[in-house]
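Beneath this line is the structure, given in C-alpha cells, with notes to follow.
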Amino acid sequence: MPRNKLAWRRGVFVILILASLALLTLSFRQTESGPVHAVQEAGASLLSPLQSWGAKVAEPFQDGYQWLKTLWSAHQRAERLEEELQILKGEAIKLEEQGEENLRLRGLLDLRDKGTYPDGTDFKVARVIGKSPTRWQAWVQIDLGSADGIRAGLPVVGATPAAGEVLAGKGLVGKILSVTEHTSQVQLITDSESSVMAKIQGSRAEGIVEGSVSGDLIMDYVDRDVVVESKLVIVTSGYGPVYPADIPIGIVASVGEEDVNIYKEIEVRAFVDFRVLEEVMVLILPEGTTASSTWTTAAPTSTTTAPTSTTAAPTSTTSTPATTVQPGMGR
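Under the working numbering, the final residue of the sequence shown carries the number 340; numbering is consecutive throughout.
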C-alpha cells in the first residue's frame, strides 16, 4: 500500500510538470489573442483585487519594518559617532596636554638661557612624581636621583602656566633635600623650614624669604627705611651656599610697616604655582661651588634702633654692630 501511494504521488508530480511545460510551450507559441493568454488575463483580473487588498493590508507592516530598520540603523550610526567623538575628545585632550607641557618646558629653557649661573652648571629636567600629603611640610618628589648626578643642596627651578607679570609662572621652586638612587625630595620655598636670601629689584632692599605652615611666602629682615612698592620683582641675592643670584622668586604683594617692628614684613606672591607643578629643572652646580660665603645685614641690639641700608659696618662700640650670616643661615 505505501508503495502504491508513493507511485501515485510520483505520477501526479510528473503529470503536473508535463502540464506546466505544455502550458509554457503553448503560451510562447500562441499569439496574444490565443486561449492560453485569455485564461491568464482572466486569472489576473480575478486576482487583481486580492493583490490590491493584500498590498493594503501588508503596507502598515512594511512601513513598520522599514521604520524599525531605519531606527536601528540610526542607533548604530549614533553609537559609531559617539565612539568617534570620544576618540576625537581624547586626541584633543592629548594635544592640549602636549601644548601645555611644551609651554612649561619652554619656560624651563627660558630660565636656563636667561639665568646667570656659575660656569660649569648643568641642567636636568625632572618630573614630579609625588607631593607632601600634609600642609605641615611642603615638598615634592622627582624622578631623578644620585644615578643622574643629583645631590642634596642643589637648587631647583620650575615653570607653571600663569598670566600677568612678565616672569609669571617661572621661578625658584626650592632645593634638593634628600636623594636616593633614582628619586629625590625637593623642599619647596613655601615650606616653613625654608629660607632664601633675596633682594628686591628696583630698590636697595634685601632680606630673607621664608615659607610658612599656611604656604604663604614672607620676606623678612627688610630695612624699614627702604622704600618698597607693590609689584616689584623679588629674586635671589646670590648670598649663601645654595642659590645663585637673580633667580626669580615672586613679586611684592603687600608691605607691612607696623611701628613696633624694626623691619618691614613683605608678603610675596610666588611666580611658580606649586599646586600644578609637573616638571622642574635641577641646577647641577659644580662640586664645591657656592654663591657666596657670607651675607652681612644690620642686626640691632634694641627694639628702638632701626638699621639703615646705607650705613657701613660701625667702628665704635656704641653703634649697632654688624652681624655676619654664615653660609648655613638663609640657605
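The C-beta atom is built at its ideal place from N, Cα and C for all residues, glycine as well.
Counted within 10 angstroms of its Cβ, other Cβ atoms place residue i as buried (16 or more) or exposed
i    : result
P112 : As written in the sequence, residue 112 is Leu, which differs from the Pro given in the question. So L112 ends up on the exposed side.
Q107 : exposed
Y74  : exposed
P69  : exposed
P164 : buried
A168 : buried
D350 : Since the first residue of the chain shown is 10 and the last is 340, residue 350 is not available in this structure.
S82  : exposed
P257 : buried
V242 : buried
V182 : buried
V23  : exposed
Rounded straight-line distance, which links the Cα of residue j to that of residue i
i    : j    : result
L118 : S212 : 28 Å
W208 : A279 : It is worth fixing the name first, because residue 208 is Lys in this sequence and not Trp. So the alpha carbons of these two residues sit roughly 14 Å apart.
W304 : M206 : Confidence at W304 is low in this model, with a pLDDT of 32, below 50, so the placement of that residue should be treated as unreliable; the coordinate-derived value is given next. In a straight line, the C-alpha of W304 is about 9 Å away from that of M206.
Y252 : I185 : 11 Å
V134 : I271 : 41 Å
L27  : V66  : 36 Å
G154 : R136 : 12 Å
L197 : K103 : 29 Å
E215 : R233 : 11 Å
Q85  : E100 : 23 Å
K179 : T189 : 27 Å
Extent of the continuous beta strand (DSSP E) run through residue i
i    : result
V132 : Looking at the sequence itself, residue 132 is Phe, so the reference to Val does not match. From DSSP, the beta strand (DSSP E) with F132 extends over 131 to 140.
I275 : 272 to 279
L294 : From DSSP, L294 is part of no beta strand (DSSP E); its letter is neither H nor E.
V165 : 164 to 168
W148 : 148 to 151
V182 : 179 to 188
I159 : Counting along the chain, I159 falls outside any beta strand (DSSP E), and DSSP gives it neither H nor E.
L197 : 193 to 197
S204 : 204 to 209
Residue i Cβ short of 7 Å to the ligand COA heavy atom set
i    : result
G167 : This structure simply doesn't include the ligand COA, nor any ligand for that matter.
>> Across the region 214 to 227 and the region 140 to 152, are there enough close Cβ pairs to call them in contact, namely three or more that are closer than 8 Å?
In response: Counting Cβ pairs under 8 Å, three or more are found: they touch.
>> Using 8 Å as the cut-off, can you tell me whether the region 274 to 287 makes contact with the region 224 to 236, which would need three or more C-beta pairs spanning the two stretches below that distance?
In response: The region 274 to 287, when compared against the region 224 to 236, does touch it at the 8 Å Cβ threshold.
>> For the pair the region 250 to 264 and the region 119 to 133, tell me if three or more CB-CB distances fall below 8 Å.
In response: A contact exists between the region 250 to 264 and the region 119 to 133.
>> Please give the ranges of any beta strand (DSSP E) in the region 218 to 276, keeping only runs that are unbroken, at least 3 residues long and fully inside the region.
In response: If one requires a minimum length of 3 residues, the beta strand (DSSP E) runs lying completely within the region 218 to 276 are 226 to 232, 242 to 245, 257 to 265, in chain order.
>> So, does the region 92 to 106 touch the region 260 to 268, judging by three or more C-beta pairs under 8 Å?
In response: Between the region 92 to 106 and the region 260 to 268, the count of C-beta pairs closer than 8 Å stays below three; the two stretches do not touch.
> In chain order, which alpha helix (DSSP H) runs of at least 4 residues are fully inside the region 87 to 112?
Replying inline: Counting only runs of 4 or more, we get nothing.
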